[in-house]
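Residue numbers (the numbering used here): 4 to 288. Here is the structure we will look at, set down as structure tokens.
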Amino acid sequence: MSGDTLPPLREVIAAHGLNADKRFGQHYLLDLNLTRKIARLCGDMSQATVFEVGPGPGGLTRALLEEGAGRVLAIEKDSRFLPALEQISAAFGGRLSVQEADALKVDEPALVPEGPRLLASNLPYNVGTALLIKWLEADPAWWERLVLMFQKEVAERVVARVGEKQYGRLAILTAARASSRYAMTLPARAFTPPPKVDSAVVVLEPLAEADRFQDVAALSIVTESAFGQRRKTLRKSLGQAANLAATTSEALLEETGIDPGARAETIPPQGFMDLARAWRAAKGS
């Protein structure tokens, strides 16, 4: 089965009245050459279930199926898109199924308990970061690869390395759980309606279990405190996290051998993981 019998996406949008809704951060990618490039970043999908969040009218959905996804499970909150997605499912022999739900509340492993599971999405701008953190926190990782499109600025923050301008909490949380790479840039003009900024695709693969940092909750608290006041030294910026553990920032920094006069952007991910361990030990639970 193929999508050759499906009408062009612009006709689908017009026929069903699917104007993009700003409340959901919707921007449609209709260029099939671009959506195929994104789909190919998933690698071999023939035996996998590919989760897609916010498929909209189905541009990336079609590409995933055309590029050989064994099954696509689309999570769509906006019920307006369901008839258009049903057309795609019929054209591809039922390899697409749709769950009408809020992706932030979905338990993905419960929907597909076994088998290779990937995730590829043009994420809604308003929830992209929250969804990424949700998937990073999953333990054990239920996904084999994430192929995700964000606003370009957010994508740069995901893959940033220590010392770079974009380096911060999101890069550290990502590095604690996965390897990441910047895959491609998509200009604003490629979308309908065009957003005010360019977008970018990043690819993440989970670290081996032995290499994954487990206490993401502690790491999240420490990094939020440290980067909440970027211009201050760690001695001062870690105060909020230290108070939660009934200790001092000096004690945490001494425990980990980090210079109290350093600023957060100069500390590599491993340093923050050490701080998170020290914070957890001081808190005692």
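Virtual Cβ for every residue (Gly too), placed ideally from N, Cα, C.
Contact belief for residue i with residue j at Cβ below 8 Å, rounded distance in angstroms
i: R184; j: V205; result: 7 Å
i: L121; j: W145; result: Actually they are not in contact, since the Cβ atoms of L121 and W145 sit about 10 Å apart, beyond 8 Å.
i: V75; j: E55; result: 6 Å
i: K199; j: A248; result: With a Cβ gap of about 41 Å, K199 and A248 do not count as contacting.
Three-way DSSP call (helix, strand, coil) for residue i in this model
i: P127; result: coil
i: F194; result: strand
i: V225; result: helix
i: R234; result: coil
i: E271; result: It is worth fixing the name first, because residue 271 is Pro in this sequence and not Glu. Correct three-state label for P271: coil.
i: R83; result: helix
i: L135; result: helix
i: I78; result: strand
i: L173; result: helix
i: Q243; result: helix
i: Q90; result: helix
i: A141; result: coil
i: V165; result: coil
i: I261; result: coil
i: V115; result: coil
i: A284; result: helix
i: L44; result: coil
Any non-hydrogen atom of the ligand PLP closer than 6 Å to residue i Cβ
i: K40; result: For the structure depicted, the ligand PLP is absent and the ligand set is empty, with no information on it obtainable.
Distance, residue j Cα to residue i Cα
i: A229; j: L237; result: 6 Å
i: K80; j: N129; result: 13 Å
i: D214; j: E117; result: 23 Å
i: P196; j: L12; result: 13 Å
i: A281; j: P58; result: 42 Å
i: I41; j: V150; result: 8 Å
i: G166; j: G71; result: 40 Å
i: P246; j: E257; result: Per the sequence presented here, residue 246 reads as Asn, with Pro not at that position. The alpha-carbon atoms of N246 and E257 are separated by roughly 16 Å.
i: D47; j: R98; result: 16 Å
i: A77; j: G274; result: 38 Å
i: E159; j: R172; result: 12 Å
i: R39; j: E69; result: 8 Å
i: A284; j: R180; result: 21 Å
i: A23; j: P272; result: 38 Å
i: V15; j: L37; result: 18 Å
i: T132; j: A94; result: 33 Å
i: C45; j: L32; result: 17 Å
i: P263; j: E253; result: 7 Å
i: G28; j: K168; result: 26 Å
i: L3; j: E212; result: Residue 3 lies beyond the residue range present for the chain, which begins at 4 and ends at 288; the question has no answer from this structure.
i: A51; j: Q243; result: 43 Å
i: A18; j: T8; result: 16 Å
i: F153; j: S182; result: 17 Å
Residues that residue i bridges to, as DSSP identifies them
i: F27; result: DSSP output for F27 lists no bridge partner at all.
i: L3; result: No statement about residue 3 is possible, as the shown extent of the chain runs from 4 to 288 and does not include it.
i: T188; result: A203
i: L99; result: V75
i: E55; result: A77
i: A181; result: P209
i: L67; result: DSSP lists no partner for L67.
i: L32; result: F194
Would you call the stretch 93 to 113 and the stretch 187 to 197 in contact, with 3 or more CB pairs under 8 Å?
no
Are at least three pairs of beta-carbons, each pair with one atom in the stretch 167 to 181 and one in the stretch 127 to 145, less than 8 Å apart?
yes
Validate contact between the stretch 85 to 103 and the stretch 63 to 77 using beta carbons, cut 8 Å, 3 pairs:
yes
Can you find at least 3 beta carbon pairs, one from the stretch 265 to 282 and one from the stretch 216 to 230, that sit closer than 8 Å?
yes
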